[in-house]
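S.K.: Following this message is one structure expressed as structure tokens.
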Amino acid sequence: MVYRRRNGPRDPILGLNEQFNADPNPAKVNLGVGVYFDDNGKLPLLACVRAAEHAMMEAPTARGYLPIDGIAAYDAAVKGLVFGADSEPVKSGRVATVQAIGGTGGLKVGADFLKHLNPNAKVLISDPSWENHRALFTNAGFLVETYPYYDAAKRGVNFEGMLAALNAAAAGTIVVLHACCHNPTGYDITAAQWDQVVAAVKARGLTAFLDMAYQGFGHGIREDGAAIGKFVAAGLSFFVSTSFSKSFSLYGERVGALSVLCENKEEADRVLSQLKIVIRTNYSNPPIHGGAVVAAVLGNPELRALWEKELGEMRVRIKQMRNLLVEKLKAAGVKQDMSFITSQIGMFSYSGLSKDQMVRLRNEFGVYGTDTGRMCVAALNSKNIDYVCASIAKVI
Ligand code: LMR
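So the sequence shown is numbered by UniProt numbering: it starts at 1 and just counts up by one.
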């Protein structure tokens, strides 16, 4: 084979890591990818993870193949987190959950399954959305369009536009929604607005696909899963992808899941059998380690409490960084009101900076964010924040 095509473009998020790693600037700061670093700029290894790994090393086991759908205890723990362990959907057995290779893997397994189920459906993603959503659903064979989301003038959500687009969508359209901590804008819709979204999804016969990559980074584990409860209460069937990359700081282990809420157990069994075919024909079955760690933590009351504490500390530190960012931008001489940063939630801030300003930040100061103006607030710390603010002040 002779390959004649040009180089593909760099990934808009992970490609920045490559550029960052090659940058010799000693003051460089990576606010590009969505990764949480502690106040010393270190990627945390959570104590709950360390404890679970320690116990695993004390009792080493051989590594056979996992079932195609992953570790049973892991899948059960995911169902509990997403729907509530004592919830009706879990108790009645009408959730089909599979372990997946990260949240991205959960999305892809779901997308491939949906392509078999409803090959002519269109996919709607938010404008803007996580950079990989469009590519992922396009590569799964779908036509991908957007629904309005971000209102730059208002610095918030264009909810009327979003709702109008959902109400105009054809039956069967797949709507990708960010369950919490919208990526990239950091603006979530309110509980009352979720009610309206759920009603529109139901009235129009749309298929909701909730991407939940940041559960616990907004207001709390249960609070961030509230939208799921609304879809359940409306009697809808829907998809949820889960990621533990951020909430367990297990990025490189690729621990995620896909859950499909079905009408009854019999349907869930049939859906599960189809999801297993998608997995088997892609990568056969998932790896053990990350899933085993998460299952061990979530299945042990003490470790689970420790995890919730550690996750809460990450959440609180991010909020502190948001407040400090607003304060220090002002102190650095930025005249415009940047207080909108504290009304955003989760790991990201949509800064409102233009592509040119973001490129200048990168090239002149070694401060990396995405071209769309997204900055990862979770990578700020008490040592780099002054430099970041001074750099932003120079390009604004
Ligand atoms: C991000 O948006 O930066 C993260 O979700 C990491 C990724 O895979 O893009």
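For every residue, glycine included, the Cβ atom is placed at its ideal position computed from N, Cα and C.
1) Which residue spans inside the segment 275-350 form an unbroken beta strand (DSSP E) run of at least 3?
2) Could you spell out where the beta strand (DSSP E) holding Met-212 opens and where it closes?
3) Report the three-state DSSP secondary structure of Phe-248 (helix, strand or coil).
4) Just to confirm the assignment, what range does the alpha helix (DSSP H) spanning Thr-104 have?
5) Assuming the contact rule is C-beta atoms closer than 8 angstroms, Ala-111 and Ala-140 should be a hit. Round their C-beta distance to whole Å, please.
6) By how many angstroms is the C-alpha of Trp-194 removed from the C-alpha of Leu-250?
7) At which residues does the alpha helix (DSSP H) containing Met-57 begin and terminate?
8) Compute the Euclidean distance between the alpha carbons of Ala-62 and Arg-50, then round it to the nearest angstrom.
9) Once DSSP output is grouped into helix, strand and coil, what is the label at Asn-384?
10) Please list the segments of the alpha helix (DSSP H) lying wholly inside the segment 110-179, counting only runs of 4 or more residues, in order along the chain.
11) Thinking C-alpha only, which one of Gly-352, Val-232 and Asp-69 is nearest Ser-273?
12) Below 8 angstroms between beta carbons: does that hold for Leu-166 and Lys-202?
13) Answer yes if the segment 29-43 comes into contact with the segment 310-330, meaning at least three C-beta pairs across the two stretches below 8 angstroms, and no otherwise.
14) Quick check: does the Cβ of Trp-130 come within less than 7 angstroms of any heavy atom belonging to the ligand LMR?
15) Between the C-alpha atoms of Asn-183 and Phe-348, what's the straight-line distance to the nearest angstrom?
16) Which residues in the same chain have their Cβ closer than 7 angstroms to the Cβ of Phe-113, if we skip the five residues on either side of it in sequence?
17) Taking the alpha-carbon of Ile-174 as reference, which of His-219, Ala-59 and Asn-120 has the nearest alpha-carbon?
18) From residue 405 to Val-367, what does the alpha carbon distance come to, in whole angstroms?
19) How many Å lie between Gly-299 and Ala-73 at the Cα?
20) So what does DSSP say about Cys-262, is it helix, strand or coil?
M.R.: To lay it out plainly:
1) Taken in chain order, the complete beta strand (DSSP E) segments of 3 residues or longer contained in the segment 275-350 are 348-350.
2) As a first step, residue 212 is located in the sequence shown; it is residue number 212 there, counting from the start. Note, Met-212: beta strand (DSSP E), 207-212.
3) Here residue 248 corresponds to residue number 248 of the sequence shown, with the count starting at 1. If DSSP states are grouped into helix, strand and coil, Phe-248 belongs with coil.
4) For this step, residue 104 is matched to residue 104 along the sequence shown. Run containing Thr-104: 102-117, per the alpha helix (DSSP H) assignment.
5) Walking along the sequence shown from the start, residue 111 turns up at place 111. Walking along the sequence shown from the start, residue 140 turns up at place 140. At roughly 4 angstroms, the Cβ-Cβ gap stays under 8 angstroms, so Ala-111 and Ala-140 are in contact.
6) To locate residue 250, count along the sequence shown from 1; it is residue 250. To locate residue 194, count along the sequence shown from 1; it is residue 194. Computed Cα separation, rounded: 30 angstroms.
7) As a first step, residue 57 is located in the sequence shown; it is residue number 57 there, counting from the start. That run of the alpha helix (DSSP H) goes 47-58.
8) As a working mapping, residue 62 is identified with position 62 in the sequence shown. As a working mapping, residue 50 is identified with position 50 in the sequence shown. If I take the Cα positions, the gap works out to 20 angstroms.
9) Here residue 384 refers to the residue found at position 384 of the sequence shown. Asn-384 falls in the coil class under three-state DSSP.
10) 131-139 and 159-168
11) By 1-based counting over the sequence shown, the position of residue 273 is 273. For Ser-273, the nearest C-alpha among the options comes from Asp-69.
12) Against the sequence shown, residue 166 aligns to sequence position 166. Against the sequence shown, residue 202 aligns to sequence position 202. Their beta carbons are not under 8 angstroms apart, which means Leu-166 does not touch Lys-202 by this criterion.
13) The segment 310-330 makes contact with the segment 29-43, as at least three CB pairs between them are under 8 angstroms.
14) The residue labelled residue 130 in the question sits at position 130 within the sequence shown. Checking the Cβ of Trp-130 against the ligand LMR gives yes.
15) Within the sequence shown, residue 183 is the residue found at index 183, counting from 1. Within the sequence shown, residue 348 is the residue found at index 348, counting from 1. When rounded, the distance between both Cα atoms is 7 angstroms.
16) As a position in the sequence shown, residue 113 is number 113, starting the count at 1. Result list for Phe-113: Gln-274, Leu-275 and Val-278, in chain order.
17) Working through the sequence shown from its first residue, we reach residue 174 at position 174. Closest option to Ile-174, Cα to Cα, is Asn-120.
18) Residue 405 lies beyond the range of the chain shown here (1 to 396); nothing can be said about it.
19) As a first step, residue 299 must be located in the sequence shown, where it is residue number 299. As a first step, residue 73 must be located in the sequence shown, where it is residue number 73. Rounded to the nearest angstrom, the two C-alpha atoms are 8 angstroms apart.
20) Mapped onto the sequence shown, residue 262 falls at position 262. Residue state, collapsed to three classes: coil.
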